[in-house]
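Okay, structure first, notes after.
In this note's numbering, the protein residues as written are 37 to 441.
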């Protein structure tokens with residue numbers, strides 16, 4: 037097992053120096069080239085653009101952060117597949133592993149945490165298709181005393197540090213992610229088995245970037261419109277002849293008024309205003325709102341506009357969000373079981389048949405729709421009978437059902 041990082045110490049530093057703003061001149065042509073290159077395996081340009089959009093657009097920042105942080109709040113358990121002693125040992129080993137693990141960022145050394153941070157970093161795959169961690173395994177001598185009734189553990193236990201690696205450190209030309217050792221490299225190094233954690237996701241940032249572009253183009257035009265038409269112009273009229281001190285004084289007075297558009301003319305001169313504002317409602321707000329709703333629907337399952345519409349809208353949004361979070365929790369737990377639980381148990385117990393696994397709780401979503409329907413049917417049947425019996429006992433009568441009268 038790999039117990040030291042393979043990422044060069046100067047890799048993150050050189051990458052930060054070489055960073056640029058990938059969305060400064062974003063337009064449909066450049067975005068199309070980025071997305072085409074991403075699907076061809078060149079991940080750098082698109083992933084950098086997606087990261088910038090996620091950090092700078094207010095709505096994308098809000099919905100993406102909520103989606104990523106939701107799963108880390110639920111907590112986790114280790115469940116066993118059976119009641120055997122071997123399953124109990126596997127459970128204890130995995131509990132130690134997940135309680136002791138650390139998560140960090142390969143570029144931002146200030147970012148560190150535990151299981152919640154690891155899950156939040158893994159959830160980056162929801163936006164960017166992939167989230168990659170380098171695993172630095174950390175064998176630990178077992179100094180814990182085995183209590184009576186507890187399974188006996190091996191002399192060495194295992195934990196790890198998970199180092200989140202930005203996606204622009206990777207390429208995917210062969211159909212499998214490979215690590216780029218420099219920003220100028222085109223061919224990457226194969227990822228060592230059991231040395232990397234690769235999380236896959238829906239890749240919502242592809243559609244989000246398109247919505248972002250068609251939101252900010254009209255938003256920019258709307259801003260220009262407000263800048264040009266938001267303040268009235270100033271028109272000065274004087275009897276002074278052009279070039280005279282009186283004319284110059286009048287011109288200075290008009291200029292000092294502070295208006296962006298101003299004019300000075302002699303008496304009798306006419307200026308015809310050309311009104312560029314048009315009539316009716318401006319098209320910009322509707323298009324910006326349409327793109328905002330699209331982004332919210334992509335990330336949270338329903339448009340935030342439905343919240344204000346009706347109680348049914350609120351209920352619908354809650355169900356959609358709960359469904360998404362349930363699926364996210366199951367996907368993250370399944371990824372960790374396949375790529376982390378199995379190597380840990382293989383190392384400690386020399387087995388390819390795990391008897392325990394990680395599960396992520398989902399308390400906040402409540403029961404599923406099927407479970408709610410079943411509970412509702414049971415309650416609708418049982419509660420009237422219980423109340424009937426309680427009333428009859430309270431009145432000192434028999435337990436026979438009350439008559440319809």
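Ideal Cβ positions, reconstructed from N, Cα and C, are used throughout, including at glycine.
Please classify residue 281 as buried or exposed, where buried requires at least 16 other C-beta atoms within 10 Å of its C-beta. Numbered from its first residue, the chain shown carries residue 281 at position 245. Exposed, because fewer than 16 other Cβ atoms sit within 10 Å of the Cβ of residue 281.
Report all residues from its chain with a CB closer than 8 Å to the CB of residue 89; omit the five preceding and five following residues, and keep chain order. Counting from one through the chain shown, the residue named residue 89 turns up at place 53. Cβ neighbours of residue 89 beyond the five flanking positions: 59, 96, 241, 244, 245, 248.
In the DSSP assignment, find the alpha helix (DSSP H) that holds residue 213 and state where it starts and stops. Here residue 213 refers to the residue found at position 177 of the chain shown. It is not in any alpha helix (DSSP H) - residue 213 carries neither H nor E in the DSSP assignment.
Simplified DSSP state of residue 396, which is helix, strand or coil: Position 360 of the chain shown holds residue 396. It is a strand residue.
Shortest alpha-carbon distance to residue 394 belongs to which of 37, 274, 105, 133? Mapped onto the chain shown, residue 394 falls at position 358. Looking at the Cα atoms, 133 is the closest of the given residues.
Between residue 331 and the rest of its own chain, which residues show a CB-CB distance below 7 Å, the 5 nearest in sequence each way excluded? As a working mapping, residue 331 is identified with position 295 in the chain shown. Once the five neighbours on either side are set aside, the close Cβ partners of residue 331 are 95, 96, 99, 244, 247.
Just list the residues that DSSP pairs residue 166 with in beta bridges. Translated into positions along the chain shown, residue 166 becomes position 130. Note: residue 166 sits in a beta bridge opposite 236.
Could you tell me how far apart the beta carbons of residue 115 and residue 392 are, in whole angstroms, since I believe they sit closer than 8 Å? Here residue 115 is taken as the residue at index 79 of the chain shown, counted from 1. Here residue 392 is taken as the residue at index 356 of the chain shown, counted from 1. With a Cβ gap of about 7 Å, residue 115 and residue 392 count as contacting.
Might you give, ordered along the chain, the residues of its own chain that have their beta carbon closer than 8 Å to the beta carbon of residue 323, omitting 5 neighbours on each side? Counted from its first residue, the chain shown places residue 323 at position 287. Cβ neighbours of residue 323 beyond the five flanking positions: 250, 251, 254.
Of the listed residues 160, 193, 374, nearest to residue 91 (C-alpha basis): For the purposes of this step, residue 91 is taken as residue 55 along the chain shown, with counting starting at 1. Comparing Cα positions, the closest option is 160.
Compare the beta carbon distance of residue 371 and residue 235 with 8 Å and say whether it is the shorter of the two. Here residue 371 corresponds to residue number 335 of the chain shown, with the count starting at 1. Here residue 235 corresponds to residue number 199 of the chain shown, with the count starting at 1. Yes.
Sequence-distant residues of its chain with Cβ nearer than 6 Å to residue 239 (five each side left out): Along the chain shown, one-based indexing puts residue 239 at 203. Excluding residues within five positions, the ones whose Cβ falls inside 6 Å are 165.
How close, in whole Å, do the beta carbons of residue 108 and residue 152 come, if the pair is a contact with beta carbons under 8 Å? Start at 1 with the first residue of the chain shown, and residue 108 comes out as number 72. Start at 1 with the first residue of the chain shown, and residue 152 comes out as number 116. Going by Cβ atoms, the distance from residue 108 to residue 152 rounds to 4 Å, so yes, they are a contact pair.
Just to confirm before moving on: does the CB-CB distance between residue 39 and residue 174 stay below 8 Å? Walking along the chain shown from the start, residue 39 turns up at place 3. Walking along the chain shown from the start, residue 174 turns up at place 138. Yes. Within cutoff.
Straight-line gap, residue 157 to residue 170 (C-alpha atoms, nearest Å): In the chain shown, the residue the question calls residue 157 occupies position 121. In the chain shown, the residue the question calls residue 170 occupies position 134. Computed Cα separation, rounded: 12 Å.
For residue 87 and residue 81, I'd like the C-alpha separation in whole angstroms. By 1-based counting over the chain shown, the position of residue 87 is 51. By 1-based counting over the chain shown, the position of residue 81 is 45. Answer to the nearest angstrom: the Cα atoms are 10 Å apart.
Classify residue 67 as buried or exposed, calling it buried when 16 or more other Cβ atoms lie within 10 Å of its own Cβ. Start at 1 with the first residue of the chain shown, and residue 67 comes out as number 31. Buried, by the Cβ-count rule.
Taking all protein chains shown into account, do 16 or more other C-beta atoms lie within 10 angstroms of the C-beta of residue 212, making it buried, or fewer, making it exposed? Looking up residue 212 in the chain shown gives position 176. It counts as exposed.
Return the chain-ordered list of same chain residues with a C-beta closer than 8 Å to the C-beta of residue 50, the five sequence neighbours on each side being excluded. Stepping through the chain shown from its first residue, residue 50 is reached at position 14. Excluding positions up to five away in sequence, the list reads 218, 219.
Let me confirm a value: residue 176 is counted as buried when at least 16 other C-beta atoms fall within 10 Å, else exposed. Which label applies? What you label residue 176 is simply residue 140 of the chain shown in a count that begins at 1. Exposed.
Does DSSP put residue 193 in a helix, in a strand, or in coil? Counted from its first residue, the chain shown places residue 193 at position 157. Residue 193 falls in the strand class under three-state DSSP.
Once you ignore the five residues that flank residue 384 on each side, which residues in its own chain have a CB closer than 8 Å to its CB? Sequence index remark: in the chain shown, residue 384 carries index 348 (1-based). Excluding residues within five positions, the ones whose Cβ falls inside 8 Å are 129, 190, 192, 193, 194.
Excluding the five sequence neighbours on either side, which residues of its own chain have a C-beta within less than 6 Å of the C-beta of residue 398, listed in chain order? Taking the first residue of the chain shown as position 1, residue 398 is located at position 362. Same-chain partners within the cutoff: 110, 362, 365.
What's the gap between the Cα of residue 198 and the Cα of residue 131? Translated into positions along the chain shown, residue 198 becomes position 162. Translated into positions along the chain shown, residue 131 becomes position 95. Rounded to the nearest angstrom, the two C-alpha atoms are 16 Å apart.
Do you know whose CA, among 207, 200, 321, lies nearest residue 256's CA? Translated into the one-based positions of the chain shown, residue 256 becomes position 220. Answer by Cα proximity: 321.
Select from 93, 121, 73 the residue whose C-alpha is nearest the C-alpha of residue 209. Here residue 209 is taken as the residue at index 173 of the chain shown, counted from 1. Ranking 93, 121, 73 by Cα distance to residue 209 puts 73 first.
What does DSSP give as the partner residue(s) for residue 47 in the beta ladder? Residue numbering aside, residue 47 sits at position 11 when the chain shown is read from its first letter. Note: residue 47 sits in no beta bridge, so no partner.
Taking its Cβ as the centre, do 16 or more other Cβ atoms sit within 10 Å of residue 180, making it buried, or is it exposed? By 1-based counting over the chain shown, the position of residue 180 is 144. Residue 180 comes out exposed.
So for residue 206, helix, strand or coil by DSSP? Position 170 of the chain shown, counted from the start, is the residue given in the question as residue 206. If DSSP states are grouped into helix, strand and coil, residue 206 belongs with the strands.
From 358, 388, 168, 284, residue whose alpha carbon lies closest to that of residue 231: Counting from 1 along the chain shown, the entry for residue 231 is found at position 195. Closest by alpha carbon: 168.
Compare the Cα-Cα distances from residue 101 to each of 162, 368, 423, 388 and report the closest residue. As a first step, residue 101 must be located in the chain shown, where it is residue number 65. When each option's Cα is compared against that of residue 101, the closest is 162.
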